[in-house]
Amino acid sequence: MAAHNPQIVTPWSRRKLIAALTGAAVMVLALVVGLVLAVHSALTGPLPDAAAATAVVLPLDREERRDVLAAEPMLQVSRSDSQGGTPAAVPGPVLEVPASTMIGAGKVASGFPHTPEGAIGQLAAIEVTVLSEMNVARVVEVWDAWAADDAGPVEQWRLMGHVRSFLTAMKMGDVLEQGARVTVTPTAAQIKASDGPDWTIACVLVDVRAVYRSEARMAYGYCERMVWDGQRWLIAPGTPPALAPSTWPGTDLAVEAGWRTWARAAR
Numbered sequence: 026m027a028a029h030n031p032q033i034v035t036p037w038s039r040r041k042l043i044a045a046l047t048g049a050a051v052m053v054l055a056l057v058v059g060l061v062l063a064v065h066s067a068l069t070g071p072l073p074d075a076a077a078a079t080a081v082v083l084p085l086d087r088e089e090r091r092d093v094l095a096a097e098p099m100l101q102v103s104r105s106d107s108q109g110g111t112p113a114a115v116p117g118p119v120l121e122v123p124a125s126t127m128i129g130a131g132k133v134a135s136g137f138p139h140t141p142e143g144a145i146g147q148l149a150a151i152e153v154t155v156l157s158e159m160n161v162a163r164v165v166e167v168w169d170a171w172a173a174d175d176a177g178p179v180e181q182w183r184l185m186g187h188v189r190s191f192l193t194a195m196k197m198g199d200v201l202e203q204g205a206r207v208t209v210t211p212t213a214a215q216i217k218a219s220d221g222p223d224w225t226i227a228c229v230l231v232d233v234r235a236v237y238r239s240e241a242r243m244a245y246g247y248c249e250r251m252v253w254d255g256q257r258w259l260i261a262p263g264t265p266p267a268l269a270p271s272t273w274p275g276t277d278l279a280v281e282a283g284w285r286t287w288a289r290a291a292r
């Protein structure tokens, strides 16, 4: 009977083990870097000049008044504040946001009421669509459908910058590759300012999770001027509002930053 010769398994060298572990770590790092770059302007962009904002001589016309409201700085936070935090011992205030009643232009949820909370709901629907799809062509489609006249070119839209930064960091071209997934969930909101019933600065804090062989997670705060056109809320013209604080949801810092926990309003 032939002798049994068990297969000899050669142990991996230290160099090979390090290379394998490094490859896995690089994939996790790429996800984190992709998320961080995608929200880079929310965390490291230039801060408005608060002194200049308060030095404007009154009375102001409508556009000047709105520019001052938009430029008013919000709480400054660090990049690490967007990636984790200790839950607050006492829950913060709640903001009830109405639900959509239809699918509108650009396949974005719509039908929000003519209220500041309705503006928040519409902004969140736009943001969730853009950031979850991570598709440059879709960003253009959504902008064309939801930006008011004279709102500026899509290339200057903050969300376009985030999508392009994420895809570049992940080396994915102009669309999210098969097997990758980004989920975006509104967790908090605030009304930064209103100027009459047809104009408001809406702010939304979302929980962003990216999955591509591993998972990365980050909070992102985002504000926009919103204007009512007689039928729906649109992204309004004008200089974008001061950067919103990207704080971990449910923390004392999030409450200090003005965020109110997202809750769905009863129909």
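In this note's numbering, the protein residues as written are 26 to 292. A virtual CB, placed ideally from N, CA and C, is assigned to each residue, including glycine.
How about residue i and residue j: are their beta carbons less than 8 Å apart?
i, j, result
"P270", "M127", "no"
"W171", "I226", "no"
"D199", "V236", "no"
"V122", "V155", "no"
"V115", "L278", "no"
"S107", "A244", "yes"
"T286", "L120", "yes"
"A149", "V229", "yes"
"A176", "P118", "no"
"G110", "S125", "no"
Counting C-beta neighbours from all protein chains within 10 Å, is the total for residue i 16 or more, i.e. buried, or is it exposed?
i, result
"Q215", "buried"
"S190", "buried"
"E152", "buried"
"L85", "exposed"
"R238", "exposed"
"A96", "buried"
"R289", "exposed"
"V82", "Only weak support is given to the placement of V82: the predicted model assigns it a pLDDT of 47, under 50, and the value that follows is read from those uncertain coordinates. Exposed is the call here."
Compute the Euclidean distance between the alpha carbons of residue i and residue j, then round it to the nearest angstrom.
i, j, result
"W273", "S157", "19 Å"
"A130", "V165", "12 Å"
"W284", "G143", "17 Å"
"Q203", "M159", "12 Å"
"P222", "G255", "11 Å"
"A78", "P266", "Caution applies to A78, whose pLDDT of 39 falls short of 50 and renders its modelled position unreliable; the model cannot decide the point."
"P178", "W168", "9 Å"
"A218", "L94", "7 Å"
"R163", "A291", "31 Å"
"Q181", "P112", "35 Å"
"E240", "R250", "32 Å"
"E89", "C248", "18 Å"
"P138", "K196", "40 Å"
"G136", "A205", "30 Å"
"G186", "K132", "21 Å"
"L184", "G246", "12 Å"
"D297", "A134", "As displayed, the chain neither begins before 26 nor continues past 292, which places residue 297 out of reach and without an answer."
"L268", "T140", "23 Å"
"A282", "T212", "14 Å"
Measuring from the CB of residue i, is there a heavy atom of the ligand SAM at a distance below 7 Å?
i, result
"P266", "With respect to the ligand SAM, the structure shown offers nothing to examine, as it has no ligands at all."
So residue i and residue j are in contact, right, with Cβ under 8 Å, and what is the actual spacing, rounded?
i, j, result
"R242", "V231", "R242 to V231, Cβ: 11 Å. No contact."
"R91", "W258", "Incorrect: roughly 15 Å between the Cβ atoms, too far for contact."
"L201", "V207", "7 Å"
"A173", "V252", "6 Å"
What does DSSP give as the partner residue(s) for residue i in the beta ladder?
i, result
"S219", "T225"
"M251", "T225 and I260"
"R289", "V122"
"L94", "For L94, which the question treats as bridged, DSSP gives no partner whatsoever."
"P112", "T276"
"V200", "N160"
"T140", "DSSP lists no partner for T140."
"E88", "Bridge partners of E88: none, in fact."
"A213", "L230 and T286"
"S239", "The partner list for S239 (beta bridge, DSSP) is empty, contrary to what the question assumes."
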